[in-house]
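The structure appears below as structure tokens.
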Amino acid sequence: MKCIGNLKNLGRLLIFLAAVGGLFSSPPGAKAEGEESEQIAAENGISFETSPVKVISTSPAITEILFYIGAGERVKGVTTLCDYPEEAGKIEKIGDLNLNYEKVLEIRPDVVFLMKGLRTKEFEVLDSFGAKPVELDLSSMENIFDSIDRAAKILKAPRNSAELRKRMRNLSSLINKKQKNIMRSVYFEIWGDPPMTIGGSSFINEIIAGAHGMNIFNESNIENLSVSLEKVIENNPEFIVAAYNASTSEISSRPGFANIIAVKDTNVIKVDYNIYVRPGPRSVDAVLDLYNRLYPDEPVTPEEIAGNN
Numbered sequence: 043m044k045c046i047g048n049l050k051n052l053g054r055l056l057i058f059l060a061a062v063g064g065l066f067s068s069p070p071g072a073k074a075e076g077e078e079s080e081q082i083a084a085e086n087g088i089s090f091e092t093s094p095v096k097v098i099s100t101s102p103a104i105t106e107i108l109f110y111i112g113a114g115e116r117v118k119g120v121t122t123l124c125d126y127p128e129e130a131g132k133i134e135k136i137g138d139l140n141l142n143y144e145k146v147l148e149i150r151p152d153v154v155f156l157m158k159g160l161r162t163k164e165f166e167v168l169d170s171f172g173a174k175p176v177e178l179d180l181s182s183m184e185n186i187f188d189s190i191d192r193a194a195k196i197l198k199a200p201r202n203s204a205e206l207r208k209r210m211r212n213l214s215s216l217i218n219k220k221q222k223n224i225m226r227s228v229y230f231e232i233w234g235d236p237p238m239t240i241g242g243s244s245f246i247n248e249i250i251a252g253a254h255g256m257n258i259f260n261e262s263n264i265e266n267l268s269v270s271l272e273k274v275i276e277n278n279p280e281f282i283v284a285a286y287n288a289s290t291s292e293i294s295s296r297p298g299f300a301n302i303i304a305v306k307d308t309n310v311i312k313v314d315y316n317i318y319v320r321p322g323p324r325s326v327d328a329v330l331d332l333y334n335r336l337y338p339d340e341p342v343t344p345e346e347i348a349g350n351n
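Right, here's the structure in full:
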């Protein structure tokens with residue numbers, strides 16, 4: 043059935059649901075006797091009587107967030123793409139880009155976290171099962187911080203975004219002091235064949251701007267877009283940043299690229315795809331890393347960030 047993705051048919055699922063009857067009729071993390079009742083609001087009318095015990099993550103970014111806030115031990119299901127932190131590799135797999143709903147239901151989760159805008163159909167299916175899906179908006183740096191706080195509140199986790207926000211503020215302050223009037227132009231490539239980059243609506247654009255870089259395709263309101271090599275040559279960036287497995291020599295040897303400033307100055311650099319493209323706690327690390335690559339003569343150190351209060 044199209045409406046349930048990778049399940050072969052609805053009948054099979056209904057039989058499974060009947061076999062585990064009452065699966066979500068009462069929360070698996072129900073109150074212990076005498077425990078004070080507290081409604082923890084989420085969204086779309088979903089609320090929690092108690093802090094969820096069994097948690098499922100449907101994306102690598104969310105898995106990182108759950109471990110960051112100190113809720114890693116409660117994560118009982120992740121996708122095959124969830125590879126960080128290392129402990130995520132030992133958790134039950136509930137699918138890849140497609141969710142295995144039977145696996146999800148076998149875990150009997152208290153809450154399933156999804157990235158807003160990426161799994162709309164899955165949200166509807168999980169909601170129809172009473173599986174308490176909650177979407178986290180990771181479309182911007184501020185939304186990343188807010189979503190960390192939302193997950194921490196729902197799970198009553200020991201850590202929220204306060205430390206990250208402070209670190210980002212301190213980093214921004216240091217960068218602005220060191221580079222008041224300089225913005226180095228950047229072509230950020232997420233794929234090479236065909237060439238793909240990011241526009242002004244991407245959170246990666248915020249990483250570039252935060253590092254005092256100027257995305258040469260900033261004016262596009264498309265998050266991820268295909269571009270021609272001619273357009274890259276025309277914009278003549280000072281830095282080319284590749285966030286995939288191409289070699290710098292392969293990029294530099296493209297027709298016409300020899301005259302680009304970035305190639306002339308050997309400023310074609312490779313970065314870790316997961317740190318840069320995966321929105322989450324390490325996005326602040328991406329800003330620091332990119333700044334230090336754009337301005338190696340005036341770096342910012344972790345010690346400076348910690349001491350800049």
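Quick note: the sequence shown uses the working numbering, first residue 43, plus one each step.
Where a beta carbon is used, it is the ideal one built from N, C-alpha and C, also for glycine.
* To do: Output the residue ranges of the alpha helix (DSSP H) runs that lie fully inside the region 179-225 and measure 4 residues or longer, sorted by chain position.
  => Whole alpha helix (DSSP H) segments, 4+ residues: 183-197, 204-220.
* For Ser99 and Glu340, the rounded distance between their alpha carbons -> In this model, Glu340 and Ser99 are separated by some 39 Å (Cα to Cα).
* To do: Return the chain-ordered ranges of every beta strand (DSSP E) run that is complete within the region 90-123 and spans a minimum of 3 residues.
  => Listed in chain order, the beta strand (DSSP E) runs fully inside the region 90-123 are 97-99, 117-119, counting runs of at least 3 residues.
* **Contact belief for Leu168 with Ala103 at Cβ below 8 Å, rounded distance in angstroms** => Taking 8 Å as the upper bound for CB-CB distance, Leu168 and Ala103 are not in contact here, some 18 Å apart.
* To do: Please list the segments of the alpha helix (DSSP H) lying wholly inside the region 268-308, counting only runs of 4 or more residues, in order along the chain.
  => Taking only runs of at least 4 residues, the alpha helix (DSSP H) segments lying wholly in the region 268-308 are 271-277, 290-294, 303-306.
* Proximity of Gly119 and Pro94 at Cβ, strictly below 8 Å -> Going by beta carbons, Gly119 and Pro94 fall outside the 8 Å limit.
* **Endpoints, alpha helix (DSSP H) assigned at Lys312** => Not the alpha helix (DSSP H): Lys312 falls in the beta strand (DSSP E), residues 310-312.
* Length at least 3, wholly inside the region 126-189: the beta strand (DSSP E) runs in chain order -> Within the region 126-189, the complete beta strand (DSSP E) runs of at least 3 residues are 153-157, 175-178.
* What are the start and end residues of the beta strand (DSSP E) that includes Asn257? -> Start and end: 255-257.
* Asked: Which residue comes first and which comes last in the beta strand (DSSP E) that contains Ile246?
  -> Per DSSP, Ile246 is not a residue of any beta strand (DSSP E); the alpha helix (DSSP H) it occupies stretches across 245-252.
* Leaving out the 5 sequence neighbours to the left and right, which residues in its chain are closer than 6 Å to Glu164 when beta-carbon positions are compared? -> Leu141, listed in sequence order.
* Simplified DSSP state of Tyr229, which is helix, strand or coil -> Strand.
* Closest by C-alpha distance to Arg116, when choosing among Tyr126, Gly159, Ser182, Ala199 -> Nearest option by C-alpha distance: Ala199.
* Pro237 in three-state terms, based on DSSP -> Pro237: strand per DSSP, three-state reduction.
* To do: Rounded to whole angstroms, what's the CA-CA distance from Glu231 to Ser268? Just pull it up for me.
  => Taking the straight line joining both Cα atoms gives about 10 Å.
* **Classification of Ala253 by the beta-carbon crowding that lies within 10 angstroms, buried from 16 upward** => Under this definition Ala253 is a buried residue.
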